[in-house]
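Protein chains: 2
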Amino acid sequence: MVNKIDKIALFGGTHGNEITGVYLVKKFIKNPDLLQRSNLKVLPFLANLQAIKLQQRYVETDLNRCFAPEDLENLDTILYEQLLAKNIHKKIQENQVNFLIDLHSTTANMGLTIILSDTNQFHLELGSYLSLIEPEIKILHYASAQKNQLLRSNIKLGITLEVGSVPQNVLNADLFMKTEKIIYNLLDYLEKFNQNKIEKKSHNLVFYEVFKTIDYPREEGDIIAMIHPNLQSKDYEPLHPGDPLFITFDGETINYEGNATVYPVFINEAAYYEKSTAMCLTRKRESYVTFN
Amino acid sequence: MVNKIDKIALFGGTHGNEITGVYLVKKFIKNPDLLQRSNLKVLPFLANLQAIKLQQRYVETDLNRCFAPEDLENLDTILYEQLLAKNIHKKIQENQVNFLIDLHSTTANMGLTIILSDTNQFHLELGSYLSLIEPEIKILHYASAQKNQLLRSNIKLGITLEVGSVPQNVLNADLFMKTEKIIYNLLDYLEKFNQNKIEKKSHNLVFYEVFKTIDYPREEGDIIAMIHPNLQSKDYEPLHPGDPLFITFDGETINYEGNATVYPVFINEAAYYEKSTAMCLTRKRESYVTFN
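Order-wise, the sequence lines are chains A and B.
Numbering follows my numbering, with no gaps: position 42 of the first sequence is 42.
Numbering follows my numbering, with no gaps: position 259 of the second sequence is 1259.
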């Protein structure tokens, strides 16, 4: 049961080459009025300034895998991002943050995605509210084994905004403006939530649940196939058993051998080649959400 | 007057994060038969192995700006890529290469582009031949002030294949296969050229000539605007005086103030933010090419 949200942390640049979030946070730091609401304090942060300067995802290791409680407590983890994670974690605690937004972008065609690590009632109501305003929004439930390593997992109510497709180190104006609008709608929601002024509504919320990741076919570690052209950019679209999945460098098609229709996301995300992830498979779910 | 082409150098990975060329060259190194033609010797090279390993454009400086003759001769230029350029230059000379292909990719929506530093008759005939087979091909004449710094400028008959849009460190199967096909068609052309077997044809060749680059609006070095959504991905399409060019982070539109219609390319190329280039403006040209 969530009573009141009053301290919100808004992070951009958790990955230094995902610059939609970087430039949005820079804008908010310059114009703090834009984030002001009657009963909220919103703190904009650039998470990994060193990586931003280098225009790289990270300096030494992926910051967004450094927040597992055991790693935060371990004084022997001393890579740059491991130290930075401890610092960010402390900042979140000291500021008594009770809601966290982490801004990301992807080379996959995921449009406007809100990623949740769980499907608690508060998150589902929030997702319903936002997607009723902006029907393009997709809700992705991604409770991976590594979920407690993520920045958003520092507190109970942490979400990720994931927008794409946009190349690394590129700004897409349309996605920039749509992300900005989602942030404003989200803050409006939290303001009204605190005032008990959310309009009562019911909504059949569709969301997608990651249950598996698939790697590229490889030989001795190196990939030997690419995402099949029929699947490229088809995030959230149905993939049926027997549909093309990959095409090898020699032109041979590899089909999906599962036994049920699935909905892939993060298809061909640049940063996931090194994470052995060509895509994540999801199942489509529905939840009847009543909220006020 | 070109008499005979017999030694061809095919480079991929001149920029380490443009992996279409990297994986194509790896494929050719593994399967040299694919490049074999009766009267040609084709040498596939990975240009910047260190940058490829790091998944970065370059290690210390842009390799594709290191080939100016005065820099190649200067023993005081000792950045990694400056040294590498000298090495590559020597390799080209020792192998007596007389045709060079450099494989690149771009985050701009440039489809299949052949970039030429000049419009000599040989290049125009080649461009005509290839674009008659594959009408998607665009011919770009880019004779920048820096043109002699490029890998392709090492020899008289050097061309760049530039394909996009594709994010850095991502493989797009469709562009991969189309690039491969262009290479085969090109080798077939050169083989027939040596045999005097090119069919006589006439063709009104359209090409685009870069005459100017435009930077992002900036304040104290940092950008304050993005490519306008109306212009995003519209490479090679007409931009008229008064058309939207940029949109600032505050939502203000900045229009094109030129006095004639132009055709922008390299719109929103990730690597060009640091080169103060938001796009290159071209004029559309036509040339009546008769060849055999």
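Every residue gets a Cβ at the ideal spot worked out from N, C-alpha and C, and that includes glycine.
Just so you know, these numbers come straight off a predicted model, no measurement behind them.
Closest Cα partner of residue i within the set the options
{"i": "E1018 of chain B", "options": "B:Q1232, B:A1270 and B:F1291", "result": "B:A1270"}
{"i": "Q1232 of chain B", "options": "A:F266, A:I8 and A:L171", "result": "A:L171"}
{"i": "G339 of chain A", "options": "A:D6, A:V25 and A:N3", "result": "No statement about residue 339 of chain A is possible, as the shown extent of chain A runs from 1 to 292 and does not include it."}
{"i": "Y1208 of chain B", "options": "B:I1115, B:A1260, B:N1154 and B:R1065", "result": "B:I1115"}
{"i": "S1165 of chain B", "options": "B:L1046, B:L1010, B:L1049 and B:I1267", "result": "B:I1267"}
{"i": "V265 of chain A", "options": "A:L239, A:V289, A:F249 and A:N259", "result": "A:L239"}
{"i": "D1118 of chain B", "options": "B:L1132, B:P1135 and B:S1144", "result": "B:S1144"}
{"i": "F246 of chain A", "options": "A:E237, A:Y263, A:I214 and A:V262", "result": "A:I214"}
{"i": "N185 of chain A", "options": "A:L35, A:Q82 and A:K4", "result": "A:L35"}
{"i": "L79 of chain A", "options": "A:I92, A:E94 and A:V59", "result": "A:V59"}
{"i": "L140 of chain A", "options": "A:H123, A:H203 and A:I155", "result": "A:H123"}
{"i": "E125 of chain A", "options": "A:N31, A:S202, A:K27 and A:N259", "result": "A:S202"}
{"i": "D1293 of chain B", "options": "B:S1287, B:E1199 and B:L1151", "result": "Outside the displayed range of chain B (1001 to 1292) lies residue 1293 of chain B, so it cannot be described from this structure."}
{"i": "A1260 of chain B", "options": "B:S1276, B:P1241 and B:T1277", "result": "B:P1241"}
{"i": "L1040 of chain B", "options": "B:Q1096, B:N1064 and B:K1090", "result": "B:Q1096"}
{"i": "L1161 of chain B", "options": "B:K1181, B:N1194 and B:K1200", "result": "B:K1181"}
{"i": "Y256 of chain A", "options": "A:I223, A:I224 and A:Y216", "result": "A:Y216"}
{"i": "G221 of chain A", "options": "A:E191, A:K4, A:L190 and A:K275", "result": "A:K275"}
{"i": "P32 of chain A", "options": "A:L43, A:T253, A:S38 and A:V22", "result": "A:L43"}
{"i": "I88 of chain A", "options": "A:C280, A:S287, A:H104 and A:P69", "result": "A:P69"}
{"i": "K1007 of chain B", "options": "B:I1254, B:R1283, B:I1155 and B:K1284", "result": "B:I1155"}
{"i": "M279 of chain A", "options": "A:K212, A:S128, A:V289 and A:A85", "result": "A:K212"}
{"i": "E1237 of chain B", "options": "B:N1196, B:K1200, B:L1281 and B:Y1273", "result": "B:L1281"}
{"i": "Q1149 of chain B", "options": "B:T1014, B:F1291 and B:L1132", "result": "B:T1014"}
{"i": "F1067 of chain B", "options": "B:K1090, B:L1054 and B:T1020", "result": "B:K1090"}
Residue i - containing beta strand (DSSP E), residue span
{"i": "A47 of chain A", "result": "Note, A47 of chain A: premise wrong, no beta strand (DSSP E); not H, not E."}
{"i": "I227 of chain A", "result": "A225 to I227"}
{"i": "F11 of chain A", "result": "K7 to G12"}
{"i": "Y1288 of chain B", "result": "M1279 to F1291"}
{"i": "H1141 of chain B", "result": "I1137 to H1141"}
{"i": "E1209 of chain B", "result": "K1201 to I1214"}
{"i": "Y263 of chain A", "result": "Y263 to V265"}
{"i": "L112 of chain A", "result": "G111 to L116"}
{"i": "I198 of chain A", "result": "Where I198 of chain A is concerned, there is no enclosing beta strand (DSSP E), given that its DSSP letter is neither H nor E."}
{"i": "T1253 of chain B", "result": "T1253 to N1255"}
Any chain A beta carbon closer than 8 Å to residue i
{"i": "Y1058 of chain B", "result": "no"}
{"i": "I1182 of chain B", "result": "no"}
{"i": "Y1080 of chain B", "result": "no"}
{"i": "K1027 of chain B", "result": "yes"}
Range of the contiguous alpha helix (DSSP H) that encloses residue i
{"i": "I301 of chain A", "result": "Missing from the structure shown is residue 301 of chain A; chain A here goes from 1 to 292 and no further."}
{"i": "D1188 of chain B", "result": "A1173 to N1194"}
{"i": "T20 of chain A", "result": "I19 to K30"}
{"i": "N169 of chain A", "result": "That residue, N169 of chain A, is in no alpha helix (DSSP H); it is neither H nor E in DSSP."}
{"i": "F246 of chain A", "result": "It is not in any alpha helix (DSSP H) - F246 of chain A instead sits in the beta strand (DSSP E) that spans P244 to T248."}
{"i": "T133 of chain A", "result": "Looking at the sequence shown, residue 133 of chain A is not Thr but Ile. Looking at the DSSP string, the run of the alpha helix (DSSP H) that includes I133 of chain A is Q121 to I133."}
Closer than 8 Å to chain B by CB, residue i
{"i": "Y23 of chain A", "result": "yes"}
Contact set between the stretch 84 to 109 of chain A and chain B, restricted to residues whose Cβ is under 8 Å from the partner
Going along the stretch 84 to 109 of chain A in chain order, one finds T107 with a Cβ nearer than 8 Å to chain B.
Select from the stretch 220 to 240 of chain A all residues with a C-beta closer than 7 Å to any C-beta belonging to chain B, and list them in chain order.
So the close ones are M226, I227, H228, P229 and Q232.
Closer than 7 Å between beta carbons: that is the criterion. Which residues of the stretch 1030 to 1064 of chain B meet it against chain A?
For chain A, none of the residues of the stretch 1030 to 1064 of chain B brings a beta carbon within less than 7 Å of one of its beta carbons.
Using a Cβ cut-off of 9 Å, which residues of the stretch 268 to 281 of chain A contact any Cβ in chain B, in chain order?
Under the 9 Å Cβ criterion, the stretch 268 to 281 of chain A contributes N268, E269, A270, A271, Y273 and E274.
Using a Cβ-Cβ cut-off of less than 9 Å, give me the residues of the stretch 166 to 179 of chain A that come near chain B, in sequence order.
Going along the stretch 166 to 179 of chain A in chain order, one finds V166, P167, Q168, N169, V170, L171, N172, A173, D174, F176 and M177 with a Cβ nearer than 9 Å to chain B.
Scan the stretch 1066 to 1104 of chain B and note each continuous beta strand (DSSP E) run of 3 residues or more that stays entirely inside, going in chain order.
The stretch 1066 to 1104 of chain B contains no whole beta strand (DSSP E) run of 3 or more residues.
Short of 9 Å Cβ to Cβ, which residues in the stretch 1247 to 1258 of chain B face chain A?
Taking 9 Å as the upper bound on Cβ-Cβ separation, chain A lies near residues I1247, F1249, D1250 and G1251 of the stretch 1247 to 1258 of chain B.
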